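Below: the structure, in structure tokens.
Residue numbers (the UniProt record's numbering): 1 to 317.
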């Protein structure tokens, strides 16, 4: 352990010098002692010999040690005694440090002792230092708390942005999926509508063509009916003429002519296939009146012109 020079002798018991000189002397003593302090001493067994140091400030969870307040007269009266006690303690510590038999620990020596100034004031450097350290700790804690709040706020904002981006991406995927499905359905419906429209156009064209053909065949049937009526009238006239000729020329010639006309007429009005039934079917598109109803259903060509039969229209004589 490093040795310390002996402290200055205690002040005499004579009346105290002026206040300024006495304060300066104690300040020098404190400064010299503080500058010559040895390195940190192991304090494992300090509590076995000395009572623990009780801080002058209030600690949460501990009972506050009452401190006796002294007025200005007590401080001035005990000034010499306190100085002697402090000087004697420092001298004992410095003398016994060389013998390694010191009974006064450096921690006890360095404990903050109220320094009397003679003005009713007490200098407590340890309390001031602790207040400064406490203020620094408060500022550091406030700064760290503010930084922690900013960090948590920043992380929360980033988390919120990440969640919003994921939600938006999910919504966009869902919307795109629905749009694709709707577009596929619309395309299928449009194709169906186009097919239906094409069929409608084809059916309209077919209806128009069939309607025009039906009108043509109707007109043709009317014309044929008129022709048949004309032929009937002509036949009746011919029959009447034959009857008149029969009366003039005799029964033999009239009978021959009438039989010939009737036989030709029957031949024209008889079916060209079975030669039994009367013709009643008009074949299209060749427009030949040469088949009966039974034979028309069995044939696909006209027996007169051998053309393909499209349809047979029943014609009543």
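Just so it is clear, CB atoms sit at the ideal spot from N, CA and C, and this is done for glycine as well.
Quantities reported herein were computed from a predicted structural model and do not represent experimental measurements.
DSSP state of residue i mapped onto helix, strand, coil
i, result
"residue 269", "coil"
"residue 210", "helix"
"residue 166", "helix"
"residue 311", "strand"
"residue 21", "Summary for residue 21: the model assigns pLDDT 45, below 50, so the residue's position carries little reliability, and this model does not support an answer."
Own chain, CB closer than 6 Å to residue i, minus 5 neighbours either side, in chain order
i, result
"residue 289", "279, 282"
"residue 304", "288, 290"
"residue 296", "281, 312"
"residue 310", "284, 285"
"residue 15", "Model confidence at residue 15 stands at a pLDDT of 49, short of 50, so the residue's coordinates are unreliable; what they give is reported in the following sentence. Here the set comprises nothing."
CB contact check: residue i to chain D, cutoff 9 Å
i, result
"residue 151", "Absence of chain D from the displayed structure is noted, only one protein chain being present."
Cα-Cα separation, residue i to residue j
i, j, result
"residue 321", "residue 204", "Lying before the first or after the last residue shown, residue 321 is absent from the chain, which here runs from 1 to 317."
"residue 163", "residue 178", "22 Å"
"residue 112", "residue 130", "Confidence in residue 112 is poor, its pLDDT being 45 and thus under 50, which makes the residue's placement unreliable; the coordinate value appears in the next sentence. Near 11 Å, if we compare the C-alpha coordinates of residue 130 and residue 112."
"residue 198", "residue 192", "10 Å"
"residue 189", "residue 200", "16 Å"
"residue 207", "residue 176", "46 Å"
"residue 215", "residue 184", "46 Å"
"residue 271", "residue 294", "10 Å"
"residue 298", "residue 269", "19 Å"
"residue 151", "residue 159", "12 Å"
"residue 142", "residue 133", "14 Å"
"residue 145", "residue 165", "30 Å"
Nearest to residue i (by Cα), restricted to the options the options
i, options, result
"residue 277", "174, 292, 160, 243", "292"
Other residues of its chain near residue i: CB distance less than 7 Å, five sequence neighbours each side excluded
i, result
"residue 217", "284, 313"
"residue 307", "286, 301"
"residue 220", "287"
Spatial neighbours of residue i in its chain, beta-carbon cut-off 8 Å, leaving aside the 5 residues before and after
i, result
"residue 234", "none"
"residue 224", "282, 287, 289, 315"
task: Identify every run of the alpha helix (DSSP H) within the UniProt domain "RING-type" (271-306), keeping only runs that are complete inside it and at least 4 residues long; order them along the chain.
output: Unbroken alpha helix (DSSP H) runs of no fewer than 4 residues, entirely contained in the UniProt domain "RING-type" (271-306), are found at 293-298, following chain order.
task: Please specify which runs of the beta strand (DSSP E), each continuous and at least 3 residues long, are wholly inside the stretch 156-201, giving them in chain order.
output: No beta strand (DSSP E) of 3 residues or more sits fully in the stretch 156-201.
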